[in-house]
Every structure is written in C-alpha cells, then in structure tokens.
Amino acid sequence: IETDNESMQGLGLLDIETVLHPEKTLRKQEGTHIRSGLTIFGYEIHHGITDARFNPVLRFNDGQTCGSQSMNGSIWGAYLHGIFDDDWFRRWFIDDLREKKNLPKKAQVLAPYDLEKSLDELADVVRSCFDMNKMYRLLNL
Numbered sequence: 022i023e024t025d026n027e028s029m030q031g032l033g034l035l036d037i038e039t040v041l042h043p044e045k046t047l048r049k050q051e052g053t054h055i056r057s058g059l060t061i062f063g064y065e066i067h068h069g070i071t072d073a074r075f076n077p078v079l080r081f082n083d084g085q086t087c088g089s090q091s092m093n094g095s096i097w098g099a100y101l102h103g104i105f106d107d108d109w110f111r112r113w114f115i116d117d118l119r120e121k122k123n124l125p126k127k128a129q130v131l132a133p134y135d136l137e138k139s140l141d142e143l144a145d146v147v148r149s150c151f152d153m154n155k156m157y158r159l160l161n162l
C-alpha cells in the first residue's frame, strides 16, 4: 500500500501468507477467542487476505475464523483491534502468561479498562506541569 514492492518477507514467526488488496476491510466483530472460550469484541481492520488455515485464534459469530498462532500458542496474531480492551480477556491473557512462568493466576480484574478516566488523569498531569494560559497564547487560542 505504501510501497511499490511486489513481495516482502515478514518476520517469519507464523506460517502465514498475506496478499494485499485495494479494498479495506473495516467492520465491528464479535466472536470467541478459541483457546480461552471467552467472548471477544473489536474492529477487524485490514487491507489484505491472510492464508492462515491452521491454528486460528478467533471464531467470529458469522463462523469465519481470524488470526493464526504458533503450534505451542506462544505467538499469535489477528486482525482484531481492541481485543485487549475487554477486562476479562486481558485478565485471562495475563494469567496465561503467569502460568507459563509458574506464577499463580490472579483470576480477578485488577485494573479495569477506562480510557476516559485515564485521559482525564493525563490531562490533569499536563495542566499541572504547564502554564496553560501561556500555551493558549502561543497557539493563538
């Protein structure tokens, strides 16, 4: 899309091949993360079709699968943006990593995802560090 290259080698971490297409896929999706069985939500965004017939990561409610993972499940990828916004999926993902390191699972949401609250806190920090009136004058606001 931003290159004239006909073909490009990827990282080689997954056994997949992607062919770029001029049409962009952008749609809200809901489905299941296959390994955890948890419901997932997000936006499917991509400009290509990936041949990933083996070890899919997600199954959407329309029956289509998405993503690919290594045979041991330690590396995976999918076209779904926002999957980690869900508190319980994020908890499962972190607990899965903890288990692989022989650490106990937490099994509870410790940090709920609240983007608005986080942005408000960031804005408060920025305001406390800057002379906002001077900033507005410099920006002619």
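Per our numbering, residue 22 is the first one in the sequence shown, and the count goes up by one each step.
Using N, Cα and C, we set each Cβ at its ideal position, and we do this for glycine too.
- [ ] Please work out which residues of its chain come closer than 6 angstroms, Cβ to Cβ, to Ala99, disregarding the five sequence neighbours upstream and downstream, and give them in chain order.
- [x] Counting only Cβ-Cβ distances below 6 angstroms, and skipping sequence neighbours, we find Val78, Leu79, Cys87, Gly88.
Task: Cβ-based burial, Asn161 [other Cβ within 10 Å; buried from 16] - done: Here Asn161 is exposed. Its C-beta has fewer than 16 other C-beta atoms within 10 Å.
Open item on the list: Runs of 3 residues minimum, wholly inside the segment 26-92: which ones carry the beta strand (DSSP E) assignment?
Closed with: Scanning the segment 26-92 from its first residue to its last, the whole beta strand (DSSP E) runs of 3-plus residues come out as 38-54, 60-72, 79-81.
TODO: Count the other CB atoms, across all protein chains shown, that sit within 10 Å of the CB of His42; report buried if there are 16 or more and exposed otherwise.
DONE: It counts as exposed.
Open item on the list: Assuming Phe114 is part of the alpha helix (DSSP H), what are its boundary residues?
Closed with: Following the DSSP letters along the chain, one finds Phe114 inside the alpha helix (DSSP H) bounded by residues 108-121.
- [ ] Report back the beta-carbon spacing between Ile66 and His102 to the nearest angstrom; my notes put them in contact at under 8 angstroms.
- [x] With a Cβ gap of about 5 angstroms, Ile66 and His102 count as contacting.
Task: Proximity to Asn26 [Cα-Cα], best of Val40, Gln85, Asp36 - done: When only C-alpha atoms are compared, the closest one is Val40.
Task: Residue span of the alpha helix (DSSP H) that contains Lys138, given as start and end - done: Judged by DSSP secondary structure, Lys138 falls within the alpha helix (DSSP H) whose first and last residues are 136-150.
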